[in-house]
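Quick note on numbering: the numbering used here labels position 9 of the sequence shown as 183, and the sequence is numbered without any gaps. We put the CB at the ideal spot given by N, CA and C, even for glycine. Predicted model only: the values in this text are computed from it and were never measured.
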Amino acid sequence: MSSSEPNPELEQSLLPEEDDCLGGDYFSVSGFWSRLTFRWLNPVFANGRAERLELSHIPGFLDPRPPKPPSAFCNNRFANKSSNQLCFPVPLFVLVWRSLALNAVFAGLNTLSAYLGPFLITNFVEFVSGKDSGRGRYYGYVLASLFFVAKTVESLTQRQCYFGERRIGIRVRAALMAAIYEKCLAIQHSGSRTGKLVNFLDVDVERIGDFFWYVHGIWLLPVQVSLALLILRRNLGAPAAFAALAATALVMVSNTPLANSQERLHSKIMEAKDARIKATAETLECMRILKLHSWETAYLNKLLQLRDVERSWLKIYLYTCSAIAFLFWASPTLVSVIAFGVCILVRTPLTAGAVLSALATFRILQEPIYNLPELVAMITQTKVSIDRIHSLMKEEEQKQLSPSRSTQASDMVVEITPGVYNWEADSGLKKPTLKIENKIRIMRGEKVAVCGTVGSGKSSFLCSIMGEVPRSSGGRITVLGATAYVPQSAWIQTGTVQENVLFGKAMVSGSGGGLCFGQRHRNVG
């Protein structure tokens with residue numbers, strides 16, 4: 175192939191196309207009944223029995239419409255929605271609002287079908303006991319059929335709701351990871367990015383994706399409480415229903431200070447986690463230097479101190495979570511005791527049907543109340559994660575710091591005007607990394623040596639000429655022609671001191687008590 179002909183391999187994507195990696199896309203071609211009953215998974219199970227599952231066997235259920243990988247598709251849509259000045263969570267919901275709306279329908283049907291059973295229990299008990307025998311046996315068949323249909327609808331809609339929530343969470347995580355990655359590339363020189371980036375991708379993005387598993391619980395909880403109160407009012411009377419409502423409201427209101435404390439503590443935990451991961455990453459990156467200087471113990475103590483700080487905040491956070499969990503695990507029993515206690519006080523007649531209906535209502539209401547602590551914790555944690563990622567997205571992208579290139583013929587090849595440079599431009603350090611107070615000019619043909627002690631800024635000065643150090647104020651660098659930079663990295667071979675001195679050459683003894691190697695004799699000691 176000649177050099178002028180294009181190489182087709184250069185145009186080939188590093189990631190497989192969707193048609194290649196999602197060859198078994200049974201979900202996109204499945205019908206309504208297949209999706210409702212999850213029959214489209216049967217080919218996957220059959221392939222799993224016959225052979226080891228590969229990527230081509232996995233259905234592309236993330237989003238079958240785009241002609242490219244779902245992560246790229248989600249990221250493009252997220253980037254388009256984020257181009258305005260809206261609040262950060264708005265583009266997320268705009269990205270998945272259709273799926274959220276469909277999931278809300280399934281969640282609503284699931285709630286209505288779940289409460290239909292307790293609503294009809296009284297009628298069924300009265301019919302079985304003979305108190306309502308005037309309606310005929312077909313009335314009993316209708317009630318039994320309604321129970322069966324309600325339970326079937328509840329089961330099917332619950333599975334669809336769970337599946338849809340997981341799909342939404344995966345799509346949101348894919349979009350956020352791609353957006354954070356691109357943003358960090360644009361602000362890669364801003365300070366303290368290593369530890370935060372790990373937490374952004376490992377903790378914050380995962381938590382925001384998991385939030386969509388609980389998102390419908392925010393509006394379903396008042397709906398479920400309202401339906402439960404209507405059933406209780408029908409069976410136990412208005413006083414017992416309002417007493418149950420007051421007890422439920424008391425439990426919910428008492429959670430407000432605990433939720434605020436939980437959010438504050440979670441912010442402290444994430445700050446401590448950022449500091450610990452940053453220090454750990456720096457230690458691992460500079461492990462060779464630590465070994466050479468025997469600084470392992472000092473850095474180990476530093477990491478242990480950071481872990482102790484994080485553990486102290488985590489301990490207080492877990493105590494708060496325990497208080498919230500105890501409050502809400504005891505709340506269903508508290509509500510039922512208050513409701514039946516009021517019935518006894520006001521002498522409301524309690525029939526078998528009314529008691530069974532109330533107990534069934536409390537049992538169904540028990541699940542959202544049980545999940546309320548987790549819902550509150552997820553809301554607070556998601557808010558913290560959204561605020562953290564929002565602050566990252568709002569950061570001003572680092573401007574191009576490349577030095578200005580000149581093509582004019584001149585005897586001066588490098589010109590540097592006074593300025594201040596700092597590796598961590600957003601860290602608020604009072605002392606800059608590099609401060610150039612006088613104009614520097616390097617003429618053609620000159621050989622310039624930059625001398626100084628360790629840590630005096632020699633490498634930072636060279637990096638500033640290449641434009642890799644963020645400029646805090648002032649300063650202008652002009653370079654004539656091209657530049658080349660060969661960094662100096664300290665390293666040592668695995669072996670003895672003699673092997674690190676000789677580099678594979680034979681050792682010969684020389685005069686004067688020195689060591690000589692190779693064909694050239696050189697005294698070294």
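With the cut-off set at 7 Å, would you say S531 and T296 are in Cβ contact? yes
Stretch-stretch touch, CB-based, cutoff 8 Å, three pairs: the segment 495-506 with the segment 538-552: yes
Give the straight-line distance between the Cα atoms of M552 and E642, rounded to the nearest whole angstrom. 40 Å
Shortest alpha-carbon distance to P396 belongs to which of T285, E589, R226 and V511? T285
Inside the segment 582-631 only - beta strand (DSSP E) runs reaching at least 3 residues: 586-590, 593-595, 608-610 and 614-617
Can you tell me the Cα-Cα spacing of S630 and V594, whole angstroms? 15 Å
So for G648, helix, strand or coil by DSSP? strand
Counted within 10 angstroms of its Cβ, other Cβ atoms place Q259 as buried (16 or more) or exposed: In this predicted model, Q259 has a pLDDT of only 44, less than 50, meaning its place in the structure is not dependable; the value taken from the coordinates is given anyway. Per the 10 Å Cβ criterion, exposed.
Assuming E328 and S287 make a contact with CB atoms under 8 Å, what is their CB distance in whole Å? 4 Å
I need the straight-line Cα distance from I342 to Y355, nearest angstrom please. 20 Å
Status (buried if at least 16 other CB within 10 Å, exposed otherwise) for Q398: buried
Helix, strand or coil for V427? Go by DSSP, reduced to three states. helix
So within the segment 418-489, which uninterrupted alpha helix (DSSP H) runs reach at least 4 residues, ignoring any that extend past its ends? 429-459 and 461-467
Could you tell me the distance, in whole angstroms, from the CA atom of G678 to the CA atom of Q667? 11 Å
Starting from the N-terminal side, write out each stretch of the alpha helix (DSSP H) that is 4 residues or longer and does not extend beyond the segment 332-384. 367-373
Which of the three DSSP states is assigned to V218 in this structure? helix
Exposed or buried, what is R345 when buried is set at 16 or more other beta-carbons lying within 10 Å of its beta-carbon? buried
Using C-beta distances below 6 Å, list every residue in its chain close to P413, excluding the 5 sequence neighbours before and after it, in chain order. V516 and V520
Ignore the nearest five residues each way along the sequence and tell me which others in I563's own chain have a CB closer than 8 Å to its CB. F262, L350, I354, F374, D378, V379 and I382
Assuming Q525 contacts L410 (C-beta within less than 8 Å), just tell me the rounded distance between them. Gln is not the amino acid found at residue 525; the sequence shown has Thr there. Contact flag wrong, Cβ pair sits at about 10 Å.
Using the three-state DSSP reduction, which class does V529 fall into: helix, strand or coil? helix
From this set, K476, L394, R450 and A418, which residue's C-alpha is nearest F514's C-alpha? A418
Could you spell out where the alpha helix (DSSP H) holding E228 opens and where it closes? Here E228 belongs to no alpha helix (DSSP H), and DSSP marks it neither H nor E.
Nearest neighbour of I616, chosen from L654, W207, Q334 and E437 [CA to CA]: L654
Using a Cβ-Cβ cutoff of less than 7 Å, which residues in the same chain neighbour K447 once the five nearest sequence positions on both sides are dropped? N373 and E484
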